[in-house]
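Those protein sequences? They're chains W and X, same order as listed. Here the first sequence stands for residues 1 to 316, where the numbers follow the UniProt record's numbering. Here the second sequence stands for residues 1 to 316, where the numbers follow the UniProt record's numbering. One structure below.
2 protein chains.
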Amino acid sequence: MKVYVVGHMNPDTDSVCSAIVFSYLLNKWKEKDGLIKIDGEAVPVIQGEPNPETKFVLEKFGVEKPEIIEDVEGKTIALVDFSEKAQAPKNIEKAEIIAIVDHHKIGDITTPNPILFVNLPVGCTATVLKKLFDWSGVEIPKELAGLMLASILSDTVIFKSATTTELDKEAAKELAKIAGIENIEEFGIEVKAKLSAVDELSARDIILRDFKDFDMSGNKVGIGQIELVDLKLIEGRKEEILEELKKMKEEGGYHTVALMLTDIIKEGTELLVVTDDASVIEKAFGKKLEGNSVWLEGVMSRKKQVVPPLENAFSS
Amino acid sequence: MKVYVVGHMNPDTDSVCSAIVFSYLLNKWKEKDGLIKIDGEAVPVIQGEPNPETKFVLEKFGVEKPEIIEDVEGKTIALVDFSEKAQAPKNIEKAEIIAIVDHHKIGDITTPNPILFVNLPVGCTATVLKKLFDWSGVEIPKELAGLMLASILSDTVIFKSATTTELDKEAAKELAKIAGIENIEEFGIEVKAKLSAVDELSARDIILRDFKDFDMSGNKVGIGQIELVDLKLIEGRKEEILEELKKMKEEGGYHTVALMLTDIIKEGTELLVVTDDASVIEKAFGKKLEGNSVWLEGVMSRKKQVVPPLENAFSS
Ligand SMILES: [Mn+2]
Ligand SMILES: [Mn+2]
């Protein structure tokens with residue numbers, strides 16, 4: 001009986017690599033003193049095609065892309081990088097879950113029997129897996145160390161995300177040594193650059209890559225975000241993007257549509273805005289729009305740094 | 001801001017001792033490299049008066065009984081030995097949960113933020129805590145090692161429960177060394193004997209300590225269980241208990257009322273039975289009642305070894 005190790009929907013680098021890495025560890029635990037012992041062989045699977053960043057990482061370290069799985073009815077499974085039913089494969093309630101390794105809030109998945117569930121409040125599942133290797137005395141192969149390092153750099157935005165902890169930094173340092181990566185920062189930029197490749201995307205694709213609607217005091221507000229290693233990568237596309245934002249505003253009946261162009265190296269965001277009332281932006285961020293744009297120094301997070309001040313500006 | 005560490009309702013030895021032990025570890029983690037860092041001081045609390053076994057253990061190792069807590073509204077808390085809302089203190093949904101350490105099935109408690117959640121499929125929460133001490137390089141004080149050893153012996157019924165793992169046995173061995181306990185088995189019997197003290201209990205109390213009703217093919221069946229280190233402890237009370245079972249049968253309209261007198265050392269159960277149809281017992285267990293009693297060699301679990309054969313006997 002196989003154990004399928006699977007990450008969340010819309011897989012990111014951490015959820016794909018952690019499935020590969022935890023499969024390896026579960027198989028090792030069959031021989032050595034593991035925290036749990038599985039019967040069959042553990043195999044990594046994914047819930048969809050990997051993104052360009054993940055593909056680059058797998059190729060760089062010569063690791064095969066896992067098979068795609070959609071339905072887990074009747075299967076024995078382990079979860080990495082999520083513990084919520086909403087992010088699970090089809091028929092998760094008809095699968096037997098034997099382990100969960102994660103770093104998010106505790107989700108709504110329950111089990112009928114005791115299982116291994118290790119969740120730590122750190123920046124990346126790979127950091128938790130690094131601990132599990134250490135704690136059970138299993139050596140990390142060079143290529144898997146590479147995948148884990150890339151996952152940490154991806155999830156923590158090269159240690160710049162507010163979710164980053166000392167444990168992530170320590171793990172990254174040790175993993176880089178095993179993987180033979182000399183400059184961690186440089187490698188991080190190389191990894192993150194893969195999702196910065198916007199040349200082949202339409203303006204609409206760029207806006208919609210990560211786009212969310214909000215109701216702010218009765219006004220429909222849409223905010224997209226794209227993370228880039230350098231805003232120059234998108235410089236020549238801004239006019240085109242603004243035209244598209246205007247179209248979207250009319251089509252969707254928005255009060256405001258905005259796109260965050262976040263520079264993960266400079267640590268700031270250029271906000272492109274099309275709005276019925278520019279004073280809202282000034283109220284929210286204490287800076288005037290120049291044309292349709294404003295630079296927000298230090299702003300990296302939509303959830304924590306853009307939505308709350310905007311909501312306040314609308315409600316006051 | 002204090003962090004209240006609390007075990008489940010109807011506290012057993014593991015849930016009381018694990019609250020004390022995890023509080024100590026959380027406080028140590030403030031100084032050393034911990035897996036999480038809390039702000040205030042961690043203090044153990046309990047959801048009700050400890051049972052005689054737990055009281056004996058606390059006294060033996062000179063550890064103070066934790067305060068009782070009923071409502072956790074607005075409090076910062078950590079959970080040990082459970083992850084289900086049904087076993088939580090009042091207003092758990094209005095508390096901030098910062099950590100869970102457990103060894104049961106994964107319950108329905110969710111969190112809005114990432115937290116430490118370490119659950120292992122082992123016999124006792126103290127075994128998981130032993131791992132957390134080892135993994136973070138914190139030394140276990142002698143008296144806490146005693147509490148942890150007692151918890152393991154209590155939860156695993158001196159390693160006889162089906163939930164016992166190699167990790168529990170290893171942990172117990174190392175803890176016994178730290179606590180200065182030479183004979184683990186003997187100490188286990190001493191611990192378990194405290195709940196075997198039936199002298200001060202009425203016959204009805206003995207029957208009802210752990211009593212459950214079942215519907216078996218339309219017949220009302222009640223089965224109680226009491227675990228004893230030696231059946232001699234209850235020998236002189238059997239007639240009285242049988243009289244009480246007869247009364248309960250009439251009062252409650254039962255087809256069958258039974259009490260399992262489980263000898264945890266000999267690993268078997270004397271079943272006292274009052275029934276409308278003795279043939280059901282014979283069908284279920286392949287042995288005839290002698291008077292109102294039958295010895296079932298190797299039977300320790302109501303859930304796994306008594307209810308299923310009885311249900312089969314009723315339905316066939
Ligand atoms: Mn992740
Ligand atoms: Mn327990």
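We put the beta carbon where it would ideally sit given N, CA and C, even for glycine.
The straight-line gap separating the alpha-carbon atoms of Glu251 of chain X and Leu208 of chain X is approximately 14 Å. With at least 16 other beta carbons inside 10 angstroms of its own, Ile281 of chain W counts as buried. Ala258 of chain X carries a strand assignment under DSSP once its states are collapsed to helix, strand and coil. With a threshold of 8 Å between beta carbons, Asn113 of chain X makes contact with chain W. Counting only residues of its own chain and dropping the five nearest sequence neighbours on each side, Thr163 of chain W has a CB closer than 7 Å to the CB of Gly123 and Thr156. Under the Cβ distance rule, His8 of chain X does not count among the residues neighbouring chain W, no pair being separated by less than 8 Å. Contact annotation: in the region 111–136 of chain W, residues whose CB is within less than 9 Å of a CB in chain X are Thr111, Pro112, Asn113, Pro114, Ile115, Leu116, Phe117, Val118, Asn119, Leu120, Pro121, Val122, Lys131, Asp134 and Trp135.
Relative to Glu84 of chain W, the option among W:Ile189, W:Val274, W:Gly7 and W:Ala176 whose CA is nearest is W:Gly7.
Within chain W, the C-beta atoms nearer than 8 Å to that of Lys105 of chain X come from Thr110, Thr111, Pro112, Asn113, Pro114 and Ile115, in chain order. Going by DSSP, Val43 of chain X is part of the beta strand (DSSP E) stretching over Ala42 to Ile46.
Residue side-chain check: Cys124 of chain W places its Cβ nearer than 7 Å to a non-hydrogen atom of ligand 1. In the structure shown, the three-state DSSP call for Met148 of chain W is helix.
Going by DSSP, Asp134 of chain W is part of the alpha helix (DSSP H) stretching over Thr125 to Ser136.
Cβ-Cβ separation between Leu116 of chain W and Ala99 of chain W: approximately 4 Å, consistent with a contact (criterion under 8 Å).
A Cβ-Cβ separation of about 4 Å places Ser151 of chain W in contact with Ala126 of chain W under the 8 Å criterion.
Inside the UniProt domain "DHHA2" (188–314) of chain X, DSSP marks whole alpha helix (DSSP H) runs of 4 or more residues at positions 203–208, 232–235, 238–252 and 279–285, from first to last along the chain. Going by DSSP, Ile178 of chain W is part of the alpha helix (DSSP H) stretching over Glu166 to Ala179. Residues of the region 32–57 of chain W whose Cβ lies closer than 9 Å to any Cβ of chain X, in chain order: Asp33, Leu35 and Ile36.
For Asn91 of chain X, same chain residues with a beta-carbon under 6 Å away, outside a window of 5 residues either side, are Asp71, Val72 and Glu73 in chain order. The region 32–48 of chain X makes no contact with the region 275–290 of chain W: fewer than 3 CB pairs, one atom from each, lie closer than 8 Å.
Here Leu35 of chain W carries a coil assignment [DSSP, helix/strand/coil]. When the Cα atoms are used, Glu235 of chain X and Ser202 of chain X turn out to be separated by approximately 14 Å.
Boundaries of the beta strand (DSSP E) around Leu116 of chain W: Leu116 to Asn119. Between the region 299–311 of chain W and the region 22–30 of chain X, the count of C-beta pairs closer than 8 Å stays below three; the two stretches do not touch. In summary, Lys192 of chain X is buried, with 16 or more beta-carbon neighbours lying within 10 Å of its beta-carbon over all protein chains present.
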